[in-house]
Amino acid sequence: WVPPRRGMDKKDWVEDRSRRFFNNCYRVHLLQIMQTIAGLLDQGDDVKAFEQSIHAAQKKIHATWFNEEDNTYANGEQPYLIFPLQTGVTPEPLRKAVFERYCETLLDTDKGHLNTGMIGTQLMVDYLLEIDRNDLVDTFVNKTTFPGWGYMVEKGATTCWEQWNGYYSQIHSCFPYIGGWFYRGLAGIRWDPETPGFKHVILRPALVKSVDWVTCSTASPYGKIISKWKLENGSFMWDISVPANSTATVHVPAQDLKSVREGGNTLQEADAVIFLRMESGRAVLRVESGTYTFTSEYDRGNN
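Quick look at the structure:
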């Protein structure tokens, strides 16, 4: 509700085939949530039952709605390519092809603009953050032509509209979800699903091309979490604060481990910092509560 090419009139609604596909994917999404809850409650039989239901539904949905000729599902629009990837409906051998089709649809067919409604937008931002394709989020966030948040700003909006075109309500809860990407994506402040309530924090900023600096903080039950970074002439500088009685896994963007420093010290010399691994152009560290200043060499153009 409401994609930019649709309207509120019933004649403009998404066709029944695509609606049923999306709803069935959402059913898998809910089953996955229930399986997680059953696991947390140590209900082993329920975990197995949900797993069986999930696998059966994934297989049936893919067989019913997948279009082999072009690696799409249903009507082939953006949310109908992202949601099956997010819910595991797409089999592993086809995931790369379906995601490539999504990228082609977003960047070429839709010229980098969103073609999603309220639910599809949220799911898409979540999935792109999950797989670290924040460059694609950066692309549609920065569009100032219709449709998009930039278009709202260009038209003088100070609140989110109900529809991308500005019809009806001018202050609505349909599209403000992108705000979460600013602190979870750009600032990189994320909760750890294994330790709810920010007892353990994941800090992993997205260094997208349109942003050179970020200053962000969020409150947790243990205190304020701070992420403040700047990228200038190939040098990355990052101040973080982890509250008392909590810990963090920190992903420092870096060309190599040798360039990473904390407070001017090598990682071997730094206090309360443990190197875990290099992963996808980042030094992954574990830190105790406290305030840290990380620096590194980082070329955004090569990452």
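Residues in the sequence shown are numbered from 508 upward in steps of one, following this note's numbering. Ideal Cβ positions, reconstructed from N, Cα and C, are used throughout, including at glycine. Here the structure is a predicted model, which means the values were calculated and not measured.
Classify Y675: buried if its beta carbon has 16 or more other beta carbons within 10 angstroms, exposed otherwise. exposed
Distance between beta carbons of Q593 and Y634, contact taken as under 8 Å: Taking a contact as a CB-CB distance under 8 Å, the pair Y634 and Q593 counts as one, their CB atoms being some 4 Å apart.
What would DSSP say about V460, mapped onto helix, strand or coil? This structure leaves residue 460 out entirely; the chain is present only between 508 and 810.
Which class does Y634 belong to by DSSP, given the choice of helix, strand or coil? For Y634, the three-state secondary structure derived from DSSP is helix.
According to DSSP, A790 sits in a beta bridge with which residue or residues? For A790, which the question treats as bridged, DSSP gives the partners V759 and M785.
For Y587 and E795, what's the separation of their Cα atoms in angstroms? 42 Å
Selection from Q775, A761 and Y799 that minimises the alpha carbon distance to R789: A761
So what's F682 in DSSP terms, helix, strand or just coil? coil
Range of the contiguous beta strand (DSSP E) that encloses S560: That residue, S560, is in no beta strand (DSSP E); its alpha helix (DSSP H) goes G551 to W572.
Residue from V715, F705, F682 and S727 whose Cα sits closest to the Cα of A694: V715
Can you tell me which of the three DSSP states E661 falls into? In the structure shown, E661 sits in a helix (DSSP, three-state: H, G or I).
For G692, which residues from the same chain have a beta carbon less than 7 Å from its beta carbon, with the 5 sequence-adjacent residues on both sides left out? L636, N641, V644 and A713
Quick test of the definition: if touching needs 3 or more C-beta pairs under 8 Å, does the stretch 595 to 608 touch the stretch 555 to 573? yes
Extent of the continuous alpha helix (DSSP H) run through T646: N641 to V648
DSSP three-state label for L621, please. coil
Tell me, to the nearest whole angstrom, how far the beta carbon of K731 is from that of D746; I am working on the premise that it is less than 8 Å. Contact flag wrong, Cβ pair sits at about 13 Å.
Which class does Y533 belong to by DSSP, given the choice of helix, strand or coil? Residue state, collapsed to three classes: helix.
Could you check if D615 is buried or exposed, using at least 16 other CB atoms within 10 Å of its CB as the buried criterion? exposed
Could you give the distance in angstroms between the alpha-carbon of T474 and the alpha-carbon of T543? Nothing can be reported for residue 474, as the shown portion of the chain is limited to 508 through 810.
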